[in-house]
Amino acid sequence: MPSPAIPSLFTPVRFGAIELQNRIVMASMTRGRASNVGLVPTPLHVEYYRQRAAAGLLMSEAVWVSQRAIGFVNVPGLFTSEQLAGWRVVTDAVHAEGGRIFAQLAHSGAVSHPDFFDGDLPLAPSAINPGLRSFTPGGFKDTVTPRAMSTEEIHATVDDYRIAARNAKLAGFDGVELHCATTYLLPEFLNSALNRRTDAYGGNAANRARIVFEVLEAMIAEWGPGRVGIKLAPTFAMGGFGPTHETPSTYDHLVDGLNGLPLSHLQIVRARENLHGTPVAALQDTVAYYRARFRGTLIANGGFDRNVADAAVRSEAVDLVSFATPFIGNPDLVERMRHELPLSPSDSKTYYQGDARGYIDYPLAERDRSAGT
2 MPSPAIPSLF
12 TPVRFGAIEL
22 QNRIVMASMT
32 RGRASNVGLV
42 PTPLHVEYYR
52 QRAAAGLLMS
62 EAVWVSQRAI
72 GFVNVPGLFT
82 SEQLAGWRVV
92 TDAVHAEGGR
102 IFAQLAHSGA
112 VSHPDFFDGD
122 LPLAPSAINP
132 GLRSFTPGGF
142 KDTVTPRAMS
152 TEEIHATVDD
162 YRIAARNAKL
172 AGFDGVELHC
182 ATTYLLPEFL
192 NSALNRRTDA
202 YGGNAANRAR
212 IVFEVLEAMI
222 AEWGPGRVGI
232 KLAPTFAMGG
242 FGPTHETPST
252 YDHLVDGLNG
262 LPLSHLQIVR
272 ARENLHGTPV
282 AALQDTVAYY
292 RARFRGTLIA
302 NGGFDRNVAD
312 AAVRSEAVDL
322 VSFATPFIGN
332 PDLVERMRHE
342 LPLSPSDSKT
352 YYQGDARGYI
362 DYPLAERDRS
372 AGT
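Here the sequence shown is numbered in this note's numbering, starting from 2 and rising by one per residue.
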């Protein structure tokens, strides 16, 4: 029998319940273009995602699951009929180009600000200020001490994720990814320095991870097998609260439990700094650590270039690789990588706010070549 072909960054792959045309993923990126009262996707969003549909999979920007989840200005949601209708135009445009797109569902937790809630405090696992900055309608402001969620509010939040997952399905997405990375609500629950609860949602690894499993199970109930994934960043620091000595065991418990769920994927953000002397030093090679622990499809994220990503796929260290910033200035990133063409730079001043400039006006590689660049 002939041996199976060695995979590359550009070969198709079975991804949960769907097929992808290549193994390049556009990672979720907050871009702040829903500058309307209803936080509804606009024609700018339609064009932005359509331009990038050659990726094997597009992850939407992190979208809010409820009004109480908001924590960054001009980011769209998936909790109203108007938002659902706006996203339907986006997904139709991506599908018309032959692309696939997942919605990433998010709740900002303690990194939000009272300005988003008419003066009410943000919700969080415990009443601990993460010491970060929130991008509010009035500009960047220091975070405040949030209000610890009641058990009833935790249950209601799980239901918010369930409803948003259902809305994503109605809006035509191909699946959903749970935002459980960086500084938002669910990583706050997983961090023993930010989660000081003594009830069923705190105090040990199983309790800290409980809400994550409840949310995933609610999302899977709406979507079925192979359409729900999760993104984790175990080594990520949250303001003045870095990983703790309990972080490795908490994430070990979580990832072990993920093996029992019919997920589409696990996306892992790799460590890019030296972790020597930290509580998570064992996670220095983050991707390899969780590749050995997780039995499903693995996406790696975090500072990859074309050659390193392709080598990782060819060696089967990962199944897919996600890219963020390169997709901003290069809507045709897949073709540029395939043909090893130079990448265009992007304008950091337009990353998180603005209009069409720095969002949908970057040139394609063919135009670059015709201009002699």
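Glycine included, C-beta positions come from ideal geometry on N, C-alpha and C.
Model, not experiment: these values are computed from the prediction.
With a threshold of 8 Å between beta-carbons, can residue i be considered close to chain D, or not?
i: Glu247; result: Chain labels in this structure do not include chain D; a single protein chain is all it has.
Taking all protein chains shown into account, do 16 or more other C-beta atoms lie within 10 angstroms of the C-beta of residue i, making it buried, or fewer, making it exposed?
i: Glu317; result: exposed
i: Glu223; result: buried
i: Asp320; result: buried
i: Val288; result: buried
i: Lys170; result: buried
i: Gly132; result: exposed
i: Ser82; result: exposed
i: Ile361; result: buried
i: Ile7; result: exposed
i: Thr298; result: buried
i: Val270; result: buried
i: Glu218; result: exposed
i: Ala207; result: exposed
i: Gln105; result: buried
i: His114; result: buried
i: Phe141; result: exposed
Does residue i come out as helix, strand or coil in the three-state DSSP assignment?
i: Thr298; result: coil
i: Phe103; result: strand
i: Asp311; result: helix
i: Glu189; result: helix
i: Gly33; result: coil
i: Glu98; result: coil
i: Ile25; result: strand
i: Leu365; result: coil
i: Leu40; result: coil
i: Arg15; result: strand
i: Ala125; result: strand
i: Glu317; result: coil
i: Phe242; result: strand
Hey, could you find the ends of the alpha helix (DSSP H) residue i is sitting in?
i: Glu215; result: Ala206 to Trp224
i: Met150; result: From DSSP, Met150 is part of no alpha helix (DSSP H); its letter is neither H nor E.
i: His46; result: Pro44 to Gln52
i: Arg337; result: Leu334 to Arg339
Starting from the Cα of residue i, find the closest Cα among the options and give me that residue.
i: Pro346; options: His340, Met150, Leu365 and His266; result: Leu365
i: Arg24; options: Val74, Ala18, Phe11 and Arg198; result: Phe11
i: Ile129; options: Ala293, Val159 and Met150; result: Met150
i: Ala54; options: His266, Gly258, Gly297 and Met27; result: Met27
i: Pro188; options: Ala238, Gly17 and Glu215; result: Ala238
i: Gly241; options: Glu178, Gly39 and Thr184; result: Thr184
i: Asp175; options: Thr245, Gln52 and Met60; result: Met60
i: Phe324; options: Ala125, Tyr50, Val216 and Ala301; result: Ala301
i: Ser109; options: Asn205, Met338 and Leu186; result: Leu186
i: Val74; options: Asn260, Pro226 and Arg134; result: Arg134
i: His96; options: Leu58, Gln68 and Leu217; result: Leu58
i: Ala70; options: Leu45, Pro44, Thr251 and Asp161; result: Asp161
i: Val112; options: Ala86, Glu98, Asp119 and Asp143; result: Asp143
i: Ile231; options: Pro244, Val213 and Gly243; result: Val213
Let's see if you can read the secondary structure: which residues bound the beta strand (DSSP E) around residue i?
i: Thr137; result: Arg134 to Thr137
i: Val76; result: It is not in any beta strand (DSSP E) - Val76 carries neither H nor E in the DSSP assignment.
i: Ser323; result: Leu321 to Phe324
i: Leu58; result: Leu58 to Trp65
i: Leu233; result: Val229 to Leu233
i: Val177; result: Gly176 to Cys181
i: Asp143; result: Gly140 to Asp143
Which ranges would you report for the alpha helix (DSSP H) in the stretch 246–288 if only whole runs of at least 4 residues count? 248–259
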